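Colleague: Offset between the sequence shown (1-based) and this note's numbering: plus 433. Ideal Cβ placement from N, Cα and C applies to all residues, glycine included. Fair warning: this is a prediction, and the values are worked out from it, not measured in the lab. Attaching a single structure in structure tokens format; questions to follow.
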Amino acid sequence: MSDEEVIRRRLQIDGDGTGDDRRLNDLLKTFVKWCNSTDSAENSQAIHDRLLAQLAQCEFAMKKSDFSAKMMEQELKNYATISDTIETGIETAKTQIVQSKQNLVLAKKIRKNRMEYDVLARIINQQPDRKNTVKELDTLKKELDELQEKKASLERKLNTKKKDFTVLMRSIIELQNKLEHGTGDDSQDAADEKMVCDDDAVILTVDEAMSPVREQVKIASPEKAS
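Right, here's the structure in full:
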């Protein structure tokens, strides 16, 4: 038997190091001494009592060791349960951390979308209402159509008055030429030349006379109205 095995066996017998090995050796020596004793009955009784006391101590030590072993086994089970609970809690905490990170990213995205929505809402609220805008456009179209019709009517009246005035001036000039000149070829040629010159003067005169009407048409035009 090697020294290592001897030491291991002694440690197993000694238990928790309270002298169990020595106590068993003393018990064995006392038992052998009692068996081989040739002393009187009183001495034998003393050795017997001592032997019973040592045996009781050994039994107590054994029960104590057994109880300690069971307690340690129970403690190991408790520690294993606690360890499993801690590991489960760690895994749960990791899962919650991952979920919290995802929720944080989602919350940031929602907040960004809400801020953009608020900006767009303010911009939209600053713009006029669509119904009012369409109504104003319809009103402006009606006014534009009315102004265009008014302009066309004024232009027609202007052209009519211009033609009438031109005919009137031509008639006046012809009548004046007949009164100032007699009948004759030379007089007729001079009258024709004068009539051509007078026609130009009549056109200028008509244009000057119609200028107020043109101003009225310009004022009534859509460009001025807008």
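Let me know the secondary structure DSSP gives histidine 614 once reduced to three states.
Modeller: coil
Colleague: Helix, strand or coil for glutamine 529? Go by DSSP, reduced to three states.
Modeller: Helix, per DSSP.
Colleague: Using the three-state DSSP reduction, which class does aspartate 562 fall into: helix, strand or coil?
Modeller: coil
Colleague: Given 8 Å as the limit, is there contact between the stretch 511-529 and the stretch 485-493, that is, 3 or more CB pairs closer than that?
Modeller: Because the criterion of three Cβ pairs below 8 Å is not met, the stretch 511-529 and the stretch 485-493 do not touch.
Colleague: For asparagine 469, name the three-state secondary structure that DSSP assigns.
Modeller: coil
Colleague: Look up alanine 653 in the DSSP assignment and say whether it is helix, strand or coil.
Modeller: Note that alanine 653 scores a pLDDT of 45, beneath 50, so its modelled location is shaky; the value from the coordinates is reported in the next line. Of the three classes helix, strand and coil, the one that applies to alanine 653 here is helix, per DSSP.
Colleague: What does the alpha-carbon distance come out to for the pair lysine 545 and arginine 555?
Modeller: 16 Å
Colleague: Please report the distance separating the alpha-carbon of alanine 585 from that of leucine 577.
Modeller: 12 Å
Colleague: Rounded to whole angstroms, what is the Cα-Cα separation between aspartate 571 and tyrosine 550?
Modeller: 32 Å
Colleague: Less than 9 Å between the beta carbons of threonine 483 and threonine 463, yes or no?
Modeller: The sequence given here places arginine at residue 483; threonine does not occur at that position. Against a cut-off of 9 Å, the Cβ pair of threonine 463 and arginine 483 comes out as a contact.
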